[in-house]
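S.K.: Shown below is the structure under consideration.
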Amino acid sequence: MFGNILFLLLLCGFFSVVLASTEDLLACLSRVQNLTVVTPDSPSYNTDRLSFNRRFAYRPAAIAYSTSVQDVQAAVQCGASSGTPVVARSGGHSYAAYGVGGQDASFVIDLSRMAGLTLNNVTGEVTAQTGIRLGPLAQGLWDQGKRALPHGSCPYVGIGGHTAYGGVGLFSRQAGLLIDRAVRAEVVLANGTVATAAFDRNPDLYWALRGAGPSFGIVTAWTYATLPAPNSIGYALTLKPAAGDRTAIIDAFNNFQTFARNALPTWGIALAVVPDGPNKLAFELSGNFYGSMVDFNASFQPLLNSIPQAELRFREFTWIEALADTAGSLSTTSPEPADNFYAKARR
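Under mature numbering (1 follows the signal peptide of the UniProt record, and there is no 0), read the sequence shown as residues -20 to -1, 1 to 327, first letter to last.
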């Protein structure tokens, strides 16, 4: 009996603290000029709080849409002074909905309205605000100077978390991760001040941001060293053996491993073994080769010889054509499709 009463008292105390924190947060935000704030009472709240993975449906204390670094500074200061957990949302593609806090009652600072992109065609460096998505980033680099970066293929993914946690794509075997190309970051720290992090400026912060960014601040812009955009050959190698034939799939996989051990870094490779009907599997190898047709044929032929039953399709692309072919489209003007899934990391 006493235990139940104590639990209820603690629970009531917890909700009282959360309520007071939220009230302090909203009062502080109301004093920030020209900052759009969405609260649980706002008509758009139930839409704005949605995560990409609909398995999670958290309820933030508030969502602030920043349009400048000064907005982010003010919002961070409000979150800190009220004791409300603060989280940044760039594209909102976190599998566990960390872009809306990963829990209820967080304060979300949404960066989607900060999507500027400036390319220096002399140095090859580009500065991109972290509200921009991968599709517009790639298209902007192409339009402004035929430049490229290694990154993922989903056009709606935001560059904020994608960069901070690595950023891998088909071009990565040759060009590294997206974070490897980041030379500088503009970041709002937990106390609301702005810092620049680079190899030669706040190097400890620069090191920490590249892998654990959200633990140290909100990056409002990344500066990358871009590369000349290469042409490529898009390819798809497909093997569809008869129902129940697992040996052909296993042999193809083993032959691929032999090929991959010595594959040129110009090979961008994605491999999947997928269901293909009742008791049937398909072996699908696809990607882009960033080189000449002569080199493509010469280096791919040993694998083709080892899987003679497979069907090969290929086509020459410019850089931007290859990205659009993989993504379907680089445009993010249409509403983003959502998903509902469970994912688990394995060590």
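Positions of the beta carbon are idealized from the N, C-alpha and C atoms, including for glycine.
1) What residues are listed by DSSP as bridge partners for residue 303?
2) Considering just the uninterrupted stretch of the beta strand (DSSP E) at residue 295, what are its terminal residues?
3) Measuring straight from C-alpha to C-alpha, what distance separates residue 39 and residue 83?
4) Between the Cα of residue 221 and the Cα atoms of 61, 182, 187, 259, which residue gives the shortest distance?
5) Which runs of the beta strand (DSSP E) fall wholly inside the stretch 197 to 263 and span at least 3 residues, in chain order?
6) Check this for me: beta carbons of residue 172 and residue 13, under 8 angstroms apart or not?
7) With burial defined as no fewer than 16 other Cβ atoms inside 10 Å of the residue's Cβ, what is the status of residue -6: buried or exposed?
8) Considering only residues of the same chain and omitting the five flanking positions on each side of residue 34, which have a CB-CB separation below 8 angstroms?
9) Apart from the five residues just before and just after residue 244, which ones in its own chain have a Cβ nearer than 6 angstroms to its Cβ?
10) Pick out the complete beta strand (DSSP E) segments inside the stretch 2 to 46, 3 residues or longer, and give them in chain order.
11) Three or more C-beta pairs closer than 8 angstroms, one from the stretch 145 to 164 and one from the stretch 262 to 275: is that the case here?
12) Check residue 287 in the structure and name its three-state DSSP category.
13) Beta strand (DSSP E) containing residue 113: first to last residue?
14) With distances taken from CA atoms, which of 49, 43, 65, 71 is nearest residue 32?
15) Do the CB positions of residue 80 and residue 44 come within less than 8 angstroms of each other?
16) Since residue 91 and residue 76 should fall inside the 8 angstroms C-beta cutoff, what is the C-beta to C-beta distance between them, to a whole number of angstroms?
17) Assuming residue 134 and residue 150 form a contact by the criterion Cβ under 8 angstroms, report the distance between their Cβ atoms to the nearest whole angstrom.
18) Do residue 200 and residue 110 have their beta-carbon atoms positioned less than 8 angstroms apart in this structure?
19) With DSSP run on the structure shown, which of helix, strand or coil describes residue 59?
20) Using a Cβ distance threshold of 8 angstroms, determine whether the stretch 226 to 245 contacts the stretch 300 to 309, with at least three qualifying pairs required.
21) Applying the criterion that 16 or more other CB atoms from any shown protein chain within 10 Å of the CB defines a buried residue, is residue 27 buried or exposed?
22) Out of 126, 189, 198, which one is the CA nearest neighbour of residue 88?
23) So, under 8 angstroms CB-CB, residue 204 and residue 294 are touching, yes? Tell me the CB distance rounded to an integer number of Å.
24) With distance defined between alpha-carbon atoms, name the residue in 257, 290, 146, 3 nearest to residue 265.
25) Taking Cβ positions, are residue 145 and residue 191 nearer each other than 8 angstroms?
26) Where are the beta strand (DSSP E) runs, 3 residues long or more, that stay fully inside the stretch 138 to 207, in chain order?
27) Return the first residue and the last residue of the beta strand (DSSP E) that residue 90 is part of.
M.R.: Once the coordinates are examined:
1) As a position in the sequence shown, residue 303 is number 323, starting the count at 1. Residue 303 pairs with nothing; no bridge assigned.
2) By 1-based counting over the sequence shown, the position of residue 295 is 315. Start and end: 291 to 297.
3) Taking the sequence shown and counting its residues from 1, the one referred to as residue 39 is at position 59. Taking the sequence shown and counting its residues from 1, the one referred to as residue 83 is at position 103. Approximately 7 angstroms between the Cα atoms of the pair.
4) Counted from its first residue, the sequence shown places residue 221 at position 241. The option with the nearest alpha carbon to residue 221 is 259.
5) 198 to 205, 212 to 219, 247 to 255
6) Here residue 172 refers to the residue found at position 192 of the sequence shown. Here residue 13 refers to the residue found at position 33 of the sequence shown. Against a cut-off of 8 angstroms, the Cβ pair of residue 13 and residue 172 comes out as no contact.
7) On the sequence shown, position 15 is the one that residue -6 refers to. Because residue -6 sits at a pLDDT of 41, beneath the cut-off of 50, its placement in the model cannot be relied upon, and the following sentence gives the value as read from the coordinates. Flag for residue -6 reads exposed.
8) The count along the sequence shown starts at 1 and reaches residue 34 at position 54. Answer for residue 34: 318, 319, 320, listed in chain order.
9) Looking up residue 244 in the sequence shown gives position 264. Only 279 meet the Cβ criterion.
10) 16 to 18, 42 to 45
11) yes
12) Numbered from 1 along the sequence shown, position 307 holds the residue referred to as residue 287. The answer is coil: DSSP assigns residue 287 none of H, G, I, E or B.
13) As a position in the sequence shown, residue 113 is number 133, starting the count at 1. It is not in any beta strand (DSSP E) - residue 113 carries neither H nor E in the DSSP assignment.
14) As a first step, residue 32 must be located in the sequence shown, where it is residue number 52. Residue 71 is the option with its Cα nearest to residue 32.
15) As a working note, residue 80 is residue 100 in the sequence shown. As a working note, residue 44 is residue 64 in the sequence shown. No; because the gap between Cβ atoms is not below 8 angstroms, this pair is not in contact.
16) Position 111 of the sequence shown, counting from 1, holds the residue named residue 91. Position 96 of the sequence shown, counting from 1, holds the residue named residue 76. Not a contact, Cβ separation roughly 19 angstroms.
17) Here residue 134 corresponds to residue number 154 of the sequence shown, with the count starting at 1. Here residue 150 corresponds to residue number 170 of the sequence shown, with the count starting at 1. Residue 134 to residue 150, Cβ: 12 angstroms. No contact.
18) Residue mapping note: residue 110 aligns to position 130 of the sequence shown, counting from 1. Residue mapping note: residue 200 aligns to position 220 of the sequence shown, counting from 1. Closer than 8 angstroms, so yes.
19) Locating residue 59 in the sequence shown gives position 79, counting from the first residue. Here residue 59 sits in helix by DSSP.
20) no
21) Position 47 of the sequence shown, counted from the first residue, corresponds to residue 27. That one is exposed.
22) On the sequence shown, residue 88 is found 108 positions in, with the first residue counted as 1. It is 198 whose Cα lies nearest to the Cα of residue 88.
23) Along the sequence shown, one-based indexing puts residue 204 at 224. Along the sequence shown, one-based indexing puts residue 294 at 314. Incorrect: roughly 30 angstroms between the Cβ atoms, too far for contact.
24) Translated into the one-based positions of the sequence shown, residue 265 becomes position 285. Among 257, 290, 146, 3, the Cα nearest to that of residue 265 is on 290.
25) For this step, residue 145 is matched to residue 165 along the sequence shown. For this step, residue 191 is matched to residue 211 along the sequence shown. The answer is yes: Cβ separation under 8 angstroms.
26) 162 to 168, 174 to 178, 198 to 205
27) Looking up residue 90 in the sequence shown gives position 110. Segment 87 to 90, the beta strand (DSSP E) holding residue 90.
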